[in-house]
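Engineer: Dropping the structure in here first, questions after.
There are 2 protein chains.
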Amino acid sequence: MREVAVIGVGMTRFGELWDMSLRDLFVEAAQKALKDAGTDTLDSMYVGNMSAGQFVGQEHLGPMMAEQLGVAGVPAARVESACASGGMALRSAFLEVASGMSDLVLAAGVEKMTDGADVTAVLATASDQENEVYYGVTFPGLYAMIARAHMAKYGTTEEDLSWVSVKAHRNGARNPHAQFRRPVTLEEVMGSSLLAEPLRMLHSSPVTDGAAAVLLCPLERAKEFGGQPVKVLASGAATSTLALADRKELADLDVVELSARRAYEMAGLGPQNIHVAEVHDCFSIAEICCYEALGFVERGKGKDAAREGVTDLGGRIPVNPSGGLKAKGHPVGATGVAQAVTLVEQLRGEAGDLQVEGARIALAQNMGGSGASSVVHIFQGV
Amino acid sequence: MREVAVIGVGMTRFGELWDMSLRDLFVEAAQKALKDAGTDTLDSMYVGNMSAGQFVGQEHLGPMMAEQLGVAGVPAARVESACASGGMALRSAFLEVASGMSDLVLAAGVEKMTDGADVTAVLATASDQENEVYYGVTFPGLYAMIARAHMAKYGTTEEDLSWVSVKAHRNGARNPHAQFRRPVTLEEVMGSSLLAEPLRMLHSSPVTDGAAAVLLCPLERAKEFGGQPVKVLASGAATSTLALADRKELADLDVVELSARRAYEMAGLGPQNIHVAEVHDCFSIAEICCYEALGFVERGKGKDAAREGVTDLGGRIPVNPSGGLKAKGHPVGATGVAQAVTLVEQLRGEAGDLQVEGARIALAQNMGGSGASSVVHIFQGV
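Below, the structure written as structure tokens:
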């Protein structure tokens, strides 16, 4: 396989962006990534998007976005794996460069969620329509069951969940791209409305419009471009059962562990080598599961990490310095790419108020559904 | 790049399959491909699907289908490029094997179209929602405009279109997988209902349920498996404008020519080397455009090819021996993979009544929308 580098990154602000369409979002992020790389061309592209067909009545985003970007003609396809669509688009772009088929390949994720669709119903189509949705379960309910299982197995409490949200908002407050730029207190989190017991509003990521893009090329060509390249050390993907009821163990999100193991093996590294991570905290419980599944802490110790500051900026292993899905926002198809953008900025030392000092190796974990798919990428500054 | 081979193929019957769900369809095709290859395992998979979210309320088909197939855990993603979703899924699988990331990679396309959704409205989301659909255009209308432009530029007639349908049904009648297994006469085609002038019902592919699957591996490992491998010589993809109104030239489907040129260059071959082809005849006019854009005949001569028997079984360059989308059926996400299945059977000499004698090199062309995306694969018997 050819070695692959990120040579450009860009993203929109995340939020309820009433004045921006699906096209606008995509083009802003993609143009920023091209500009960041100092090029105005590319050879191929992948669009990470979960549900534009349902959200805004538009499929076929590959050619649409290539044309909007002014590069009609290049190969372009959409990649979908629910909320892991962005991460899987990045993986497809990585494989295309690694294969030798193309040199300059864009991976860009986009989602326009605030145009009037029934967002909860659309998101539910990422779970099992016949065996879950039909019986009335939505994603807050599914992750509430995961939280209950984690509480039963490891003694995790509602306060443990809440400290993750407090950390997310503290970081998000410093992130100029974040949807929520204000800190919240433990009391505010624990006093927020219940969505699905034990999960509350402030344990949950919001509905968000946004886009993010990264431009890849062979590592050996990276120096031709202006900026400081970042090497993609590994890509690991995995799946599990779509329906939670078919899973042997609810509390552990095994899919995250399997995708991470593949990435660690490919990189020849382990969790002890990671300096900073962005993980898929669609609900606070997911971040706690990720701490454990990624090997940052032992099984059962995830509940303590945020409270004890282990995953804070300045902690042993900073997780979600961007504010994560909780505070930065979660435009589902864009999230996996936005994680990569954040981490590339970290590895370049360009993360401003969110900079993790000395970060040289970074990990992104992006999840689909209630843990039915997961993809992990590991990056290294060069 | 590693050389890549097809080692297993399988497909369902195409038709209105009321007794089969999206899962059933996928699993039947995928299991047939695995059985054909003589293996019960795989390393990674891609699902080609246009719109299960809209058709049956189910996104996230990667993990769902991996689980249904009994291989939960493997990386799996959905690839979408409207009616070219199957071809682009095949391309993704090809790139993953070529890159060295994985050995046994499944590409399977599936679409369940007859479960009650407004099919015309769902398909229309592959065109430009804001600039075409909003004004009332649907796909018969878009291809009618392409037909009108072709008629104006090259003198193509309604009878020319109709001979393509006659050929399609003559072939489809011999194909055990086809939705329509009866020949039609020129008079029947020209007397069928108008959909969008000059296109009639029998110039148009039907609404279809179905699935198709191919299993790929590195060519150097192909001999480990039971059957006769087929080499994937090339994959070429291209895009054009999403909206027809933004296209410089309506009559020529330039996207097909560009995707073919990339594939021919990669294979080191030209149209004169192709012994049999499957092309995307969603409407008869599209097949005529493809004859020209793929270089099988000169520009402007496509109208004569079916009438003169050039593209018949036994003709100079047999096109759509399967019956094509018109007679075999068009489950949109499955079509591109089904083309590959048909051609692998041809190159193995297993095509039965549809066999093209001496076929050693074959070409598949799969289109998205009104020619906004196209992907061409070239295969060689080994």
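In the order they appear, the protein sequences are chains A and B. Taking the numbering used here, I'd label the letters of the first sequence as residues 393 to 774. Taking the numbering used here, I'd label the letters of the second sequence as residues 393 to 774. A virtual CB, placed ideally from N, CA and C, is assigned to each residue, including glycine.
My assumption, with CB atoms under 8 Å, is that valine 581 (chain A) sits in contact with arginine 592 (chain A). Please give the rounded CB distance.
Structural biologist: By one-based count along the first sequence, residue 581 (chain A) stands at place 189. By one-based count along the first sequence, residue 592 (chain A) stands at place 200. In this structure valine 581 (chain A) touches arginine 592 (chain A) by the C-beta definition: roughly 7 Å separates them, less than 8 Å.
Engineer: Any C-beta of chain A within less than 7 Å: which residues of the region 577-604 of chain B qualify?
Structural biologist: none
Engineer: Rounded to a whole number of angstroms, what is the C-alpha to C-alpha distance between serine 585 (chain A) and leucine 409 (chain A)?
Structural biologist: Locating residue 585 (chain A) in the first sequence gives position 193, where the first residue counts as 1. Locating residue 409 (chain A) in the first sequence gives position 17, where the first residue counts as 1. Rounded to the nearest angstrom, the two C-alpha atoms are 24 Å apart.
Engineer: For valine 647 (chain B), tell me which candidate among B:Ser766, B:Ala444, B:Glu503 has the shortest Cα-Cα distance.
Structural biologist: As a first step, residue 647 (chain B) is located in the second sequence; it is residue number 255 there, counting from the start. Measuring from the Cα of valine 647 (chain B), the nearest candidate turns out to be B:Ser766.
Engineer: Using 8 Å as the limit for Cβ to Cβ distance, is histidine 569 (chain A) near chain B?
Structural biologist: To locate residue 569 (chain A), count along the first sequence from 1; it is residue 177. So no, histidine 569 (chain A) is outside the interface.
Engineer: Return the first residue and the last residue of the beta strand (DSSP E) that tyrosine 546 (chain A) is part of.
Structural biologist: What you label residue 546 (chain A) is simply residue 154 of the first sequence in a count that begins at 1. Looking at the DSSP string, tyrosine 546 (chain A) is not in any beta strand (DSSP E); the run it does join, the alpha helix (DSSP H), is 531-546.
Engineer: Tell me the rounded alpha-carbon separation between glycine 602 (chain B) and leucine 453 (chain B).
Structural biologist: The residue you call residue 602 (chain B) lines up with position 210 of the second sequence. The residue you call residue 453 (chain B) lines up with position 61 of the second sequence. Each residue's Cα considered, the two are about 15 Å apart.
Engineer: Kindly indicate the opening and closing residues of the beta strand (DSSP E) around glutamine 450 (chain B).
Structural biologist: Within the second sequence, residue 450 (chain B) is the residue found at index 58, counting from 1. Where glutamine 450 (chain B) is concerned, there is no enclosing beta strand (DSSP E), given that its DSSP letter is neither H nor E.
Engineer: Where does the unbroken alpha helix (DSSP H) through lysine 695 (chain A) begin, and where does it stop?
Structural biologist: Residue mapping note: residue 695 (chain A) aligns to position 303 of the first sequence, counting from 1. According to the DSSP assignment, lysine 695 (chain A) belongs to the alpha helix (DSSP H) that extends over 694-700.
Engineer: In chain B, what lies closer than 9 Å to arginine 691 (chain A) by C-beta?
Structural biologist: Here residue 691 (chain A) is taken as the residue at index 299 of the first sequence, counted from 1. Per Cβ cutoff of 9 Å: no residues; arginine 691 (chain A) is ~19 Å from chain B at best.
Engineer: Measuring CB to CB, does serine 484 (chain B) end up less than 8 Å from valine 471 (chain B)?
Structural biologist: On the second sequence, residue 484 (chain B) is found 92 positions in, with the first residue counted as 1. On the second sequence, residue 471 (chain B) is found 79 positions in, with the first residue counted as 1. In this structure, valine 471 (chain B) lies closer than 8 Å to serine 484 (chain B) by Cβ.
Engineer: For the beta strand (DSSP E) containing lysine 720 (chain A), list its first residue and its last residue.
Structural biologist: As a first step, residue 720 (chain A) is located in the first sequence; it is residue number 328 there, counting from the start. Note, lysine 720 (chain A): premise wrong, no beta strand (DSSP E); alpha helix (DSSP H) at 716-720.
Engineer: Nearest to leucine 578 (chain A) by CA position, among A:Gln757, A:His569, A:Ala570, A:Lys559, is which residue?
Structural biologist: Counting from 1 along the first sequence, the entry for residue 578 (chain A) is found at position 186. The candidate whose alpha carbon is nearest that of leucine 578 (chain A) is A:Lys559.
Engineer: Name the two residues that bound the continuous beta strand (DSSP E) containing threonine 631 (chain A).
Structural biologist: Locating residue 631 (chain A) in the first sequence gives position 239, where the first residue counts as 1. Looking at the DSSP string, the run of the beta strand (DSSP E) that includes threonine 631 (chain A) is 622-631.
Engineer: Would glutamine 446 (chain A) and alanine 518 (chain A) be called neighbours here (beta carbons separated by less than 8 Å)?
Structural biologist: As a position in the first sequence, residue 446 (chain A) is number 54, starting the count at 1. As a position in the first sequence, residue 518 (chain A) is number 126, starting the count at 1. Contact: no.
Engineer: Which residues, in chain order, does the region 730-743 of chain A contribute to contact with chain B at a C-beta distance below 9 Å?
Structural biologist: none
Engineer: Closest Cβ-Cβ distance between glycine 508 (chain B) and chain A: below 8 Å?
Structural biologist: Numbered from its first residue, the second sequence carries residue 508 (chain B) at position 116. Answer no: the Cβ-Cβ gap between glycine 508 (chain B) and chain A never drops below 8 Å.
Engineer: Would you give the residue range spanned by the alpha helix (DSSP H) that glutamate 670 (chain B) belongs to?
Structural biologist: Looking up residue 670 (chain B) in the second sequence gives position 278. First-last for glutamate 670 (chain B): 668-670, but that is the beta strand (DSSP E), not the alpha helix (DSSP H).
Engineer: Short of 7 Å Cβ to Cβ, which residues in the region 488-517 of chain B face chain A?
Structural biologist: From the region 488-517 of chain B, only Glu488, Ala490, Ser491, Gly492, Met493, Thr517 have a Cβ closer than 7 Å to chain A.
Engineer: Along the alpha helix (DSSP H) that carries asparagine 563 (chain B), what are the first and last residues, could you check?
Structural biologist: Position 171 of the second sequence, counted from the start, is the residue given in the question as residue 563 (chain B). Unbroken alpha helix (DSSP H) run through asparagine 563 (chain B): 550-564.
Engineer: Please state whether DSSP places aspartate 601 (chain A) in a helix, a strand or coil.
Structural biologist: Residue 601 (chain A) sits at position 209 when you count from the first residue of the first sequence. Reduced to three states, the DSSP call for aspartate 601 (chain A) is strand.
Engineer: Determine the direct distance from the alpha carbon of aspartate 644 (chain B) to that of arginine 540 (chain B), and round the result to whole angstroms.
Structural biologist: For the purposes of this step, residue 540 (chain B) is taken as residue 148 along the second sequence, with counting starting at 1. For the purposes of this step, residue 644 (chain B) is taken as residue 252 along the second sequence, with counting starting at 1. Each residue's Cα considered, the two are about 12 Å apart.
Engineer: Restricting to Cα atoms, I'd like to know which of A:Asn712, A:Ile677, A:Gly687, A:Val768 is closest to proline 467 (chain B).
Structural biologist: Translated into the one-based positions of the second sequence, residue 467 (chain B) becomes position 75. Answer by Cα proximity: A:Val768.
Engineer: Got a sec: is the Cβ-Cβ distance from glycine 445 (chain A) to anything in chain B below 8 Å?
Structural biologist: Numbered from 1 along the first sequence, position 53 holds the residue referred to as residue 445 (chain A). At least one chain B Cβ lies under 8 Å of glycine 445 (chain A).
Engineer: Starting from tyrosine 683 (chain A) and walking both ways along the alpha helix (DSSP H), at which residues does that stretch end?
Structural biologist: Translated into the one-based positions of the first sequence, residue 683 (chain A) becomes position 291. Unbroken alpha helix (DSSP H) run through tyrosine 683 (chain A): 676-685.
Engineer: What whole-angstrom Cβ distance do glutamate 451 (chain A) and alanine 458 (chain A) have, given they're in contact under 8 Å?
Structural biologist: Residue numbering aside, residue 451 (chain A) sits at position 59 when the first sequence is read from its first letter. Residue numbering aside, residue 458 (chain A) sits at position 66 when the first sequence is read from its first letter. Not quite, the Cβ-Cβ distance comes to about 15 Å (not below 8 Å), so this is no contact.
Engineer: Could you check what DSSP says for serine 491 (chain A) in three-state terms: helix, strand or coil?
Structural biologist: Locating residue 491 (chain A) in the first sequence gives position 99, where the first residue counts as 1. Of the three classes helix, strand and coil, the one that applies to serine 491 (chain A) here is helix, per DSSP.
Engineer: Just list the residues that DSSP pairs glutamate 472 (chain B) with in beta bridges.
Structural biologist: As a first step, residue 472 (chain B) is located in the second sequence; it is residue number 80 there, counting from the start. Per DSSP, A:Arg470.
Engineer: Would a check of beta-carbon distances place threonine 431 (chain A) closer than 8 Å to chain B?
Structural biologist: Translated into the one-based positions of the first sequence, residue 431 (chain A) becomes position 39. Chain B, which has no Cβ nearer than 8 Å to the Cβ of threonine 431 (chain A), makes this no.
Engineer: Check the Cβ of leucine 553 (chain A) against every Cβ in chain B and list those closer than 8 Å, keeping chain order.
Structural biologist: As a first step, residue 553 (chain A) must be located in the first sequence, where it is residue number 161. Near leucine 553 (chain A) there are no residues of chain B at all, since even the closest Cβ is about 25 Å away, more than 8 Å.
Engineer: Taking C-beta pairs closer than 7 Å, name the residues in chain A that valine 466 (chain B) reaches, listed in chain order.
Structural biologist: Working through the second sequence from its first residue, we reach residue 466 (chain B) at position 74. Going along chain A in sequence order, the residues near valine 466 (chain B) (Cβ under 7 Å) are Thr631.
Engineer: Counting only beta-carbon atoms, is valine 711 (chain B) nearer than 8 Å to chain A?
Structural biologist: Translated into the one-based positions of the second sequence, residue 711 (chain B) becomes position 319. Answer no: the Cβ-Cβ gap between valine 711 (chain B) and chain A never drops below 8 Å.
Engineer: May I ask which residues mark the beginning and end of the beta strand (DSSP E) holding methionine 442 (chain B)?
Structural biologist: The count along the second sequence starts at 1 and reaches residue 442 (chain B) at position 50. Careful: methionine 442 (chain B) lies outside any beta strand (DSSP E) and carries neither H nor E.
Engineer: Applying a beta-carbon distance threshold of less than 7 Å, which residues of chain B neighbour alanine 764 (chain A)?
Structural biologist: Counted from its first residue, the first sequence places residue 764 (chain A) at position 372. Per Cβ cutoff of 7 Å: His452, Pro455.
Engineer: My understanding is that glycine 619 (chain B) touches glycine 400 (chain B), with C-beta atoms under 8 Å, so please give their C-beta distance in whole angstroms.
Structural biologist: Position 227 of the second sequence holds residue 619 (chain B). Position 8 of the second sequence holds residue 400 (chain B). Indeed, because the Cβ distance is near 7 Å, the residues count as touching under 8 Å.
Engineer: Run through chain B and tell me which residues come within less than 8 Å of alanine 751 (chain A), C-beta to C-beta.
Structural biologist: Mapped onto the first sequence, residue 751 (chain A) falls at position 359. Per Cβ cutoff of 8 Å: no residues; alanine 751 (chain A) is ~26 Å from chain B at best.
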